[in-house]
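Asks:
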Amino acid sequence: MLHIINKSPYDRPAFDSVLKTGEGTILLIEDGVYAAAKGGAVEPKLKAAMGKFKIYALTPDVEARGIADRVIDGVMQVDYAGFVDLVAENKTNQSWL
Amino acid sequence: MKFAILVSEGPYTHQATDTAFLFAQAVLAKGHEIFRVFFYHDGVYNATRLTTPPRDDRNVVERWTKLAEAHCLDMVVCVAAAQRRGIVDEGEMKRNGKDATNLAEPFRISGLGQLIEAGIQADRLVVFGD
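The listed protein sequences derive, respectively, from chains W and A. Heads up: take any position in the first sequence, counting from 1, add 4, and you land on this note's numbering. Heads up: take any position in the second sequence, counting from 1, add 1171, and you land on this note's numbering.
See the structure below:
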């Protein structure tokens, strides 16, 4: 399952809700990419989840928010073509709105 | 692979319509097919031909219509959401006694069944909203 998160973890509980589902693939887009920023309160939680979740962030949204130079190690970055591939590779996807 | 896209946010609101559009472009660039783009809730505002955004800003409606024309996309606006928000085509104008239409070509107004069908017919349905 691909979980698409477009909300900041500092704004809405979508990121926490996804972690509770146990395992899968996460794609952070729009304000969701703030979860991937080093030094945030969410960092330990995201790092702990890395064993169970593959975590991606959408590069244009990372860049638009000025956090390209401090993305947590292990978070993989994709462009829109990579976004399409993730949707194609995963049989199901859920946008956590 | 066949994709379907659901847009439930209006233009110039947050980022969902932009993400949806760029995603749709990338789907087509990769050689996949888009079975349908369905506009629901405030997403129906993507279909008005009367918007005039500033010249240095993106024109969300025009961008959708150009993409649809270039790739023969089926772009469907939910009728109930459209009626509530004043998105009107010829048929709706007559049916509801209105004095104008504002639906941009090639959007079309139809029912929720079109979303269900898209979910069944497409291999993947991706939702963009706020």
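The C-beta atom is built at its ideal place from N, Cα and C for all residues, glycine as well. Treat the numbers as computed from the prediction; the structure is a model and nothing was measured.
Taking only the alpha-carbon atoms, compute the straight-line gap between LYS51(W) and VAL1232(A) and give it to the nearest angstrom.
Replies: Those two C-alpha atoms are separated by around 40 Å.
Asks: Kindly indicate if chain W contains any beta-carbon less than 9 Å away from that of MET1172(A).
Replies: By this cut-off, MET1172(A) is an interface position.
Asks: Alpha carbon to alpha carbon, what distance is there between PHE1174(A) and ALA92(W)?
Replies: When rounded, the distance between both Cα atoms is 9 Å.
Asks: Note the first and the last residue of the continuous beta strand (DSSP E) segment covering ARG1247(A).
Replies: Looking at the sequence itself, residue 1247(A) is Val, so the reference to Arg does not match. Run containing VAL1247(A): 1246-1249, per the beta strand (DSSP E) assignment.
Asks: Identify the contact partners of LYS1201(A) in chain W, using a Cβ-Cβ distance below 9 Å as the criterion.
Replies: Correct list: ALA85, VAL88, ASP89 and ALA92.
Asks: Starting from LYS58(W) and walking both ways along the beta strand (DSSP E), at which residues does that stretch end?
Replies: Residues 57-62.
Asks: So ALA1239(A) packs on PRO1277(A), CB below 8 Å; how close in whole Å?
Replies: Indeed they touch by this definition, with Cβ atoms about 5 Å apart.
Asks: With a cut-off of 8 Å, do at least 3 Cβ pairs link the segment 17-37 of chain W to the segment 56-64 of chain W?
Replies: Because the criterion of three Cβ pairs below 8 Å is met, the segment 17-37 of chain W and the segment 56-64 of chain W touch.
Asks: Could you check the C-alpha separation between ASN1217(A) and ILE71(W) for me, to the nearest Å?
Replies: Straight-line Cα distance between these residues: approximately 30 Å.
Asks: Residues of chain A with CB under 8 Å from LEU101(W), in chain order?
Replies: Result: SER1179, VAL1298, GLY1300 and ASP1301.
Asks: Under the DSSP definition of a beta bridge, which residues are partnered with ILE1258(A)?
Replies: The partner list for ILE1258(A) (beta bridge, DSSP) is empty, contrary to what the question assumes.
Asks: Since THR29(W) is in the beta strand (DSSP E), which residue starts that stretch and which ends it?
Replies: First-last of the beta strand (DSSP E) with THR29(W): 28-32.
Asks: Could you check where the beta strand (DSSP E) with ALA1175(A) kicks off and where it finishes?
Replies: Element bounds for ALA1175(A): 1173-1178.
Asks: Since ILE30(W) meets chain A, which of its residues come closer than 9 Å, beta carbon to beta carbon?
Replies: The premise fails here: ILE30(W) is roughly 15 Å from chain A at the closest Cβ pair, so nothing lies under 9 Å.
Asks: Using a Cβ cut-off of 7 Å, pull out every chain W residue sitting near LEU1283(A), in sequence order please.
Replies: Chain W residues near LEU1283(A): none, gap ~18 Å exceeds 7 Å.
Asks: Compare the C-beta of PRO17(W) against all C-beta atoms of chain A and say whether one is closer than 9 Å.
Replies: It does not; no Cβ of chain A falls within 9 Å.
Asks: Measuring only the C-alpha atoms, how far is VAL79(W) from LEU1274(A)?
Replies: For VAL79(W) and LEU1274(A), the distance between alpha carbons rounds to 42 Å.
Asks: Tell me the rounded alpha-carbon separation between ALA1271(A) and VAL1250(A).
Replies: Cα-Cα distance, rounded: 16 Å.
Asks: Would you kindly work out how many angstroms separate the C-alpha atoms of ASN10(W) and MET1172(A), rounded to a whole number?
Replies: Between ASN10(W) and MET1172(A), the C-alpha separation is close to 24 Å.
Asks: Between which two residues does the alpha helix (DSSP H) holding PHE1194(A) run?
Replies: Element bounds for PHE1194(A): 1187-1200.
Asks: Is PRO64(W) close to chain A? Criterion is C-beta to C-beta, closer than 9 Å.
Replies: It does: the Cβ of PRO64(W) has a partner Cβ on chain A nearer than 9 Å.
Asks: Write down the C-beta distance between ASP1245(A) and ARG1220(A) rounded to the nearest angstrom, noting that I regard them as a contact closer than 8 Å.
Replies: Not confirmed; about 18 Å, so no contact.
Asks: Is the Cβ of GLU34(W) closer than 9 Å to any Cβ of chain A?
Replies: Judged by the 9 Å Cβ criterion, GLU34(W) is in contact with chain A.
Asks: From this set, TRP100(W), ARG69(W) and ASP83(W), which residue's C-alpha is nearest ALA41(W)'s C-alpha?
Replies: Of the listed residues, the one whose Cα sits closest to ALA41(W) is ARG69(W).
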